[in-house]
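Asker: Residue numbers (my numbering), protein chains in the order written: chain A, 96 to 250; chain C, 142 to 396.
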Ligand SMILES: Cc1cc2nc3c(=O)[nH]c(=O)nc-3n(C[C@H](O)[C@H](O)[C@H](O)COP(=O)(O)O)c2cc1C
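#1: Let's see if you can read the secondary structure: which residues bound the beta strand (DSSP E) around residue 149 of chain A?
#2: Can the beta-carbon of residue 190 of chain C be found less than 8 Å from the beta-carbon of residue 168 of chain C?
#3: Starting from the beta carbon of residue 181 of chain A, find every residue of chain C whose beta carbon is closer than 8 Å, and list them in chain order.
#4: Between the Cα of residue 111 of chain A and those of A:132, A:144, A:131, spot the shortest distance and give me the residue it belongs to.
#5: Give me, in chain order, the residues of the same chain whose beta-carbon lies closer than 8 Å to that of residue 188 of chain C; leave out the 5 immediate sequence neighbours on both sides.
#6: Is residue 384 of chain C helix, strand or coil when you go by DSSP?
#7: Would residue 174 of chain C and residue 354 of chain C qualify as a contact pair, given that the criterion is a beta-carbon distance under 8 Å?
#8: At 8 Å on the CB atoms, spell out the chain C contacts of residue 98 of chain A, in chain order.
#9: Evaluate residue 159 of chain A with the Cβ neighbour count: other Cβ atoms within 10 Å of its Cβ, from every protein chain shown; 16 or more gives buried, anything less gives exposed.
#10: To the nearest angstrom, how far is the alpha carbon of residue 134 of chain A from that of residue 335 of chain C?
#11: Cβ-heavy atom distance between residue 239 of chain A and ligand 1 below 7 Å?
#12: Does the beta carbon of residue 398 of chain C sit closer than 8 Å to a beta carbon anywhere in chain A?
#13: Identify, in the order they occur along the chain, each residue of the same chain with its Cβ nearer than 8 Å to the Cβ of residue 376 of chain C, setting aside the five sequence neighbours on each side.
#14: Taking 8 Å as the threshold (C-beta atoms), are residue 121 of chain A and residue 230 of chain A in contact?
#15: Quick check on residue 215 of chain A: does DSSP put it in helix, strand or coil?
#16: Check each residue of the region 240–265 of chain C: if its Cβ is closer than 9 Å to any Cβ of chain A, include it; give the result in chain order.
#17: Can you check whether the C-beta of residue 210 of chain A is within less than 8 Å of a C-beta belonging to chain C?
#18: With 9 Å as the C-beta to C-beta threshold (strictly closer), list the residues of the region 307–321 of chain C near chain A in chain order.
#19: Does any residue of chain A bring its CB to less than 8 Å from the CB of residue 391 of chain C?
#20: Buried or exposed: where does residue 397 of chain C fall if 16 or more other Cβ atoms within 10 Å of its Cβ makes it buried?
#21: Under 7 Å Cβ to Cβ from residue 303 of chain C, same chain only, skipping five residues before and after it: list those, please.
#22: Sorry if obvious, but does the Cβ on residue 397 of chain C come closer than 7 Å to a heavy atom of ligand 1?
#23: Please find out if some non-hydrogen atom of ligand 1 comes closer than 7 Å to the beta-carbon of residue 159 of chain A.
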């Protein structure tokens, strides 16, 4: 019996401006840490409204430990868990933490995402799994600060 | 097909040691759930029938109450075998009698075992549960089901929108599919309140990564309205009636 796998999908709002340097630092640390904890997933960031959307996959204990840190991390707020449930297989097995800045053109350049961000408009490929469907929903403008109850103002 | 029914009878008299009245003979019809955009069959729902294509109630009426759950399990195993013989290459939607998940935890396991024996991958099985079934204890239901989702089993809430619990349920448990109740679908193109409800459900489902299946769709106008809201999975006479012991041809509307 393989170890139990879960995914956790959340959205949050960046508290400070997240430019390339901040993102690079975050991702370097995150990928290194995830390599050790066996977590995989993808992080989306939307410049337009400074929001994050992350899919984390791994063993429940590893997810719990990171979640505690994420909740304490002052770089974002309004962390809202959208889905947490068991999964049979990872959707992002090859990515210790993929990253995409959300604009449809950039998304389409990411290998493995092309298949469901097709033809100019994002569409949800049926049966592509919940993680990808939710990524598509975020890319289409759902789960943004205004949905999370954040009063967001352009910095 | 009489041989089929017989084969099954032998099997069940072996596995159920004492049994006063024999179970009725039964078979299955299959109705496609189609992806109207891709113009392909996404799944077949297995619907129990008599060996002469009699209705489900006709068959179930003949089963003694105390045998119902055992019969239900046996029937699902048969549905899996029949679907495999018909060469199923998409999903298979299987029904569970109301209360069977609660009353007999083996009901899922037995179907998973049947799938394994028949070489049907678990991730192609969608179990359909009616929303009324889960009204009492959402979190218990969620725990039970999540055990099997870890091995790829998919879950659909049937008759969604028919009862009171639907939206509440989604707070505890997020299925892979919801099947919109036929009462919501009928004549939707000219019924404002139904449109408002379906729009809201549709929004919720896209926020939670849940597929919507519009069931009982009979007219092009219903189809056109639902398709305009981004719904792409359909089941109903407009596309295909259930095929007795067969996968029927699908009619795709234009547009
Ligand atoms: C949006 C966002 C996503 C993050 N993703 C991860 C991640 O995938 N893995 C990780 O280890 N840390 C991630 N972090 C950082 C953690 O919140 C935390 O800072 C990090 O685990 C370091 O904690 P430690 O040094 O106390 O171990 C993320 C932070 C933010 C703001």
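Glycine included, each C-beta is placed from N, C-alpha and C at the ideal position.
Answerer: Quick look at the numbers:
#1: The residue you call residue 149 of chain A lines up with position 54 of the first chain. Per DSSP, residue 149 of chain A is one residue of the beta strand (DSSP E) stretching across 146–153.
#2: Indexing the second chain from 1 puts residue 190 of chain C at position 49. Indexing the second chain from 1 puts residue 168 of chain C at position 27. Judged by beta-carbon spacing, residue 168 of chain C lies within the 8 Å limit of residue 190 of chain C, meaning their Cβ atoms are closer than that value.
#3: Looking up residue 181 of chain A in the first chain gives position 86. Listed along chain C are 287, 288, 290, 291, each with a C-beta nearer than 8 Å to that of residue 181 of chain A.
#4: Counting from 1 along the first chain, the entry for residue 111 of chain A is found at position 16. For residue 111 of chain A, the closest of A:132, A:144, A:131 by C-alpha to C-alpha distance is A:144.
#5: Here residue 188 of chain C is taken as the residue at index 47 of the second chain, counted from 1. Cβ within range, chain order: 169, 170, 171, 172, 197, 236, 383.
#6: Position 243 of the second chain holds residue 384 of chain C. In the three-state reduction of the DSSP assignment, residue 384 of chain C falls in the strand class.
#7: Counting from 1 along the second chain, the entry for residue 174 of chain C is found at position 33. Counting from 1 along the second chain, the entry for residue 354 of chain C is found at position 213. Yes, these two residues count as a Cβ contact at 8 Å.
#8: Taking the first residue of the first chain as position 1, residue 98 of chain A is located at position 3. Here the premise fails: no neighbours, minimum Cβ distance about 10 Å.
#9: Taking the first chain and counting its residues from 1, one reaches residue 159 of chain A at position 64. By the 16-neighbour rule on beta-carbons within 10 angstroms, residue 159 of chain A is exposed.
#10: Counted from its first residue, the first chain places residue 134 of chain A at position 39. Counted from its first residue, the second chain places residue 335 of chain C at position 194. About 43 Å.
#11: Walking along the first chain from the start, residue 239 of chain A turns up at place 144. Not so, every heavy atom of ligand 1 lies at least 7 Å from the Cβ.
#12: Beyond the ends of chain C as shown, which are 142 and 396, falls residue 398 of chain C; an answer cannot be given.
#13: For this step, residue 376 of chain C is matched to residue 235 along the second chain. So the list reads 172, 173, 174, 175, 186, 320, 354, 355, 356, 357, 358, once near-sequence residues are dropped.
#14: Looking up residue 230 of chain A in the first chain gives position 135. Looking up residue 121 of chain A in the first chain gives position 26. Taking 8 Å as the Cβ cut-off, residue 230 of chain A and residue 121 of chain A do not qualify as a contacting pair.
#15: The residue you call residue 215 of chain A lines up with position 120 of the first chain. Legend: pLDDT at residue 215 of chain A = 34, less than 50; position of this residue unreliable, no value from coordinates given.
#16: With the criterion set as a beta carbon lying under 9 Å from some beta carbon of chain A, the members of the region 240–265 of chain C are 263, 264, in sequence order.
#17: Counting from 1 along the first chain, the entry for residue 210 of chain A is found at position 115. For residue 210 of chain A, the predicted model reports a pLDDT of 48, less than 50, meaning its position is unreliable and no value from the coordinates is stated.
#18: Within the region 307–321 of chain C, the qualifying residues are 314, 315, 317.
#19: The residue given as residue 391 of chain C occupies position 250 in the second chain. False, the Cβ-Cβ gap to chain A never drops below 8 Å.
#20: Limits of chain C in this structure are 142 at one end and 396 at the other, which puts residue 397 of chain C out of reach.
#21: The count along the second chain starts at 1 and reaches residue 303 of chain C at position 162. Only 272, 322, 324 meet the Cβ criterion.
#22: The displayed coordinates of chain C run from 142 to 396. Any statement about residue 397 of chain C would go beyond what the structure contains.
#23: For the purposes of this step, residue 159 of chain A is identified with residue 64 of the first chain, where counting begins at 1. Taking non-hydrogen atoms of ligand 1 into account, the C-beta of residue 159 of chain A is found less than 7 Å away from none of them.
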